[in-house]
Amino acid sequence: MAQTGHVTHICIGPVAGGQMQEVQEVQALENRGLEGDRYCRGEGSFNKDRQGKRQVTLINGLFLEGSGFDPVDTRRSIVTLGVELMDLIGKEFQIGDAVFYGVKYCDPCTRPSKLASKDTSFKEAFHDRGGLIAEVRQSGRICVGSPVIPPAKDY
Numbered sequence: 002m003a004q005t006g007h008v009t010h011i012c013i014g015p016v017a018g019g020q021m022q023e024v025q026e027v028q029a030l031e032n033r034g035l036e037g038d039r040y041c042r043g044e045g046s047f048n049k050d051r052q053g054k055r056q057v058t059l060i061n062g063l064f065l066e067g068s069g070f071d072p073v074d075t076r077r078s079i080v081t082l083g084v085e086l087m088d089l090i091g092k093e094f095q096i097g098d099a100v101f102y103g104v105k106y107c108d109p110c111t112r113p114s115k116l117a118s119k120d121t122s123f124k125e126a127f128h129d130r131g132g133l134i135a136e137v138r139q140s141g142r143i144c145v146g147s148p149v150i151p152p153a154k155d156y
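Per my numbering, residue 2 is the first one in the sequence shown, and the count goes up by one each step.
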């Protein structure tokens, strides 16, 4: 079985372009995203005219160390440790009670730096480490500390 990780931070952005908020738990809603988040309502810069394009984003917490970015600054929904997110592309996996599908790599852009008023470029700091875009396949509750359970290896 693949290595199980865990959630270290959960962040939602109630308003597109607004301040992200850390929460201790959240409901993941099937085919929508995280309750209370802009992507769940089909808003946000990456969902403009493409509702449902982006539901949830994840990033490896190890990449935040020494970057100058806090979890809310990354504008990613879920921060994890102990699981290789790129191994989840094209696969279903579980976080807490919810089931997700790894859609694709999440290219880092300049928006997080601008919105957090950072001099450091998020795009440069997280080159090849931008995280994962995922869809919610089955609704469920997620908490800080929830396990991230990848699928069993297929060999």
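C-beta atoms are modelled at their ideal positions from N, C-alpha and C, and glycine is treated no differently. The structure displayed is predicted, hence computed values, not measured ones.
Distance CB(Thr-58)-CB(Arg-39) smaller than 8 Å: Counting from one through the sequence shown, the residue named residue 58 turns up at place 57. Counting from one through the sequence shown, the residue named residue 39 turns up at place 38. For Thr-58 and Arg-39, no; Cβs fall outside 8 Å.
Counted within 10 angstroms of its Cβ, other Cβ atoms place Glu-136 as buried (16 or more) or exposed: Mapped onto the sequence shown, residue 136 falls at position 135. Glu-136 sits buried, since 16 or more C-beta atoms from the chains shown fall within 10 Å of its C-beta.
Pro-72: first and last residue of the uninterrupted alpha helix (DSSP H) it sits in: On the sequence shown, residue 72 is found 71 positions in, with the first residue counted as 1. From DSSP, the alpha helix (DSSP H) with Pro-72 extends over 72 to 75.
Backbone CA spacing between Ser-72 and Gln-139 [nearest angstrom]: For this step, residue 72 is matched to residue 71 along the sequence shown. For this step, residue 139 is matched to residue 138 along the sequence shown. The sequence shown places Pro at residue 72, rather than the Ser named in the question. Taking the straight line joining both Cα atoms gives about 25 Å.
Per-residue DSSP class, three states only, for Arg-138: Counting from one through the sequence shown, the residue named residue 138 turns up at place 137. Strand.
Extent of the continuous beta strand (DSSP E) run through Ala-17: Numbered from 1 along the sequence shown, position 16 holds the residue referred to as residue 17. No residue range can be given for Ala-17, since it is assigned to no beta strand (DSSP E) and is classified by DSSP as neither H nor E.
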